[in-house]
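This report concerns only the one structure given below.
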Ligand SMILES: CC(C)(COP(=O)(O)OP(=O)(O)OC[C@H]1O[C@@H](n2cnc3c(N)ncnc32)[C@H](O)[C@@H]1OP(=O)(O)O)[C@@H](O)C(=O)NCCC(=O)NCCS
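Numbering (my numbering), first residue to last: 2 to 176.
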């Protein structure tokens, strides 16, 4: 568990099974789903299933930011199972819409990078992000990610095709 300072008033720990209700609140919020790969229409049962799968899966490293009452942010690394891509981990982060802009996303991102750096098999952290998601792009640029390219019209938001940036950063301890 990582304390993040009295002024910030949250801490980071690993994801646990019982966090699914708080994650459901984020995964079913259009302010979040419009900016992420999570489809609309998540159910509470679906959230429970997804959390259980990620906690139990050795290819995931999952972290949550908590305040006194609830989970307010979530990040994870997904390690690739294919041997030829075992040096790559995919990264995602999201923060409850009511708690954004308070340093939680950056703290989760830096924490997750440190965890990746302690795994010597990970050499590259990669992600994709909606090209127009300026908050997330800024967060990633400020934590060492670089834009590698654009995937044109690669996903849809409310039926409208959107471009994605592919971003990555080296994972120094593993490289
Ligand atoms: C992107 C997200 C995770 C950032 O989390 P956050 O807790 O709001 O961000 P922080 O307060 O830690 O700020 C971190 C950095 O993000 C950027 N940022 C945050 N809010 C921003 C805003 N409104 N406009 C521009 N940049 C912003 C800044 O670079 C900031 O660093 P700085 O404060 O040193 O300038 C959060 O907005 C979110 O969950 N968005 C919806 C889900 C999502 O888009 N996830 C990413 C999917 S790829």
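The C-beta atom is built at its ideal place from N, Cα and C for all residues, glycine as well.
**OP:** Output the distance between the C-alpha atoms of residue 72 and residue 128, rounded to the nearest integer angstrom.
**Re:** For the purposes of this step, residue 72 is taken as residue 71 along the chain shown, with counting starting at 1. For the purposes of this step, residue 128 is taken as residue 127 along the chain shown, with counting starting at 1. Taking the straight line from one Cα to the other gives about 23 Å.
Original post:
Beta carbon of residue 162: closer than 7 Å to some heavy atom of ligand 1?
Top reply: Here the question's residue 162 lines up with position 161 in the chain shown. Not under cutoff, so the answer is no.
Subject >> Distance between residue 154 and residue 65 (C-alpha atoms, nearest Å) >> reply: For this step, residue 65 is matched to residue 64 along the chain shown. For this step, residue 154 is matched to residue 153 along the chain shown. When rounded, the distance between both Cα atoms is 31 Å.
Original post:
Expressed to the nearest angstrom, what Euclidean distance is found between the alpha-carbon atoms of residue 68 and residue 10?
Top reply: On the chain shown, residue 68 is found 67 positions in, with the first residue counted as 1. On the chain shown, residue 10 is found 9 positions in, with the first residue counted as 1. Those two C-alpha atoms are separated by around 6 Å.
Subject >> the segment 35 to 54 in contact with the segment 72 to 92 per 3-pair CB rule at 8 Å >> reply: Too few Cβ pairs lie closer than 8 Å, so no.
Original post:
If you follow the beta strand (DSSP E) that residue 22 is part of, which residue opens it and which one closes it?
Top reply: Taking the chain shown and counting its residues from 1, the one referred to as residue 22 is at position 21. Per DSSP, residue 22 is not a residue of any beta strand (DSSP E); the alpha helix (DSSP H) it occupies stretches across 21 to 28.
Subject >> Residue interval of the alpha helix (DSSP H) (run including residue 66) >> reply: As a first step, residue 66 is located in the chain shown; it is residue number 65 there, counting from the start. Residue range 61 to 67 is occupied by the beta strand (DSSP E) that includes residue 66, with no alpha helix (DSSP H) assigned at that position.
Original post:
Using 8 Å as the threshold, is the segment 8 to 27 in touch with the segment 84 to 93, meaning 3 or more CB pairs across them?
Top reply: Contact between the segment 8 to 27 and the segment 84 to 93 is absent, because fewer than three Cβ pairs lie under 8 Å.
Subject >> Within 8 Å, strictly: CB atoms of residue 114 and residue 169 >> reply: On the chain shown, position 113 is the one that residue 114 refers to. On the chain shown, position 168 is the one that residue 169 refers to. Not closer than 8 Å, so no.
Original post:
Would you say the beta carbon of residue 156 comes nearer than 7 Å to a heavy atom of ligand 1?
Top reply: As a position in the chain shown, residue 156 is number 155, starting the count at 1. Shortest gap from the CB of residue 156 to any heavy atom of ligand 1: 7 Å or more.
Subject >> Cβ pair residue 16, residue 131 closer than 8 Å >> reply: Counted from its first residue, the chain shown places residue 16 at position 15. Counted from its first residue, the chain shown places residue 131 at position 130. No, these two residues do not count as a Cβ contact at 8 Å.
Original post:
Using a threshold of 7 Å, is the CB atom of residue 136 nearer than that to any non-hydrogen atom of ligand 1?
Top reply: Locating residue 136 in the chain shown gives position 135, where the first residue counts as 1. Within the chosen limit of 7 Å, ligand 1 reaches the beta carbon of residue 136 through at least one heavy atom.
**OP:** With a floor of 3 residues, list each beta strand (DSSP E) that falls wholly inside the segment 86 to 134, ordered by position along the chain.
**Re:** As far as the segment 86 to 134 is concerned, its whole beta strand (DSSP E) runs of at least 3 residues are 89 to 96, 125 to 131.
**OP:** Using DSSP bridges, identify the partner residues of residue 14.
**Re:** Translated into the one-based positions of the chain shown, residue 14 becomes position 13. Beta-bridge pairing links residue 14 to 65.
Original post:
Given a threshold of 16 other Cβ atoms within 10 Å of its Cβ, counted over all protein chains shown, does residue 7 qualify as buried or as exposed?
Top reply: Taking the chain shown and counting its residues from 1, one reaches residue 7 at position 6. Its pLDDT being 46, under 50, residue 7 is placed unreliably by the model, and nothing is read from it.
Original post:
Which word fits residue 44, buried or exposed, when buried means at least 16 other C-beta atoms lie within 10 angstroms of its C-beta?
Top reply: On the chain shown, residue 44 is found 43 positions in, with the first residue counted as 1. The residue in question, residue 44, is exposed, as its Cβ has fewer than 16 Cβ neighbours within 10 Å.
Subject >> DSSP three-state assignment for residue 136, whether helix, strand or coil >> reply: Walking along the chain shown from the start, residue 136 turns up at place 135. Helix at residue 136.
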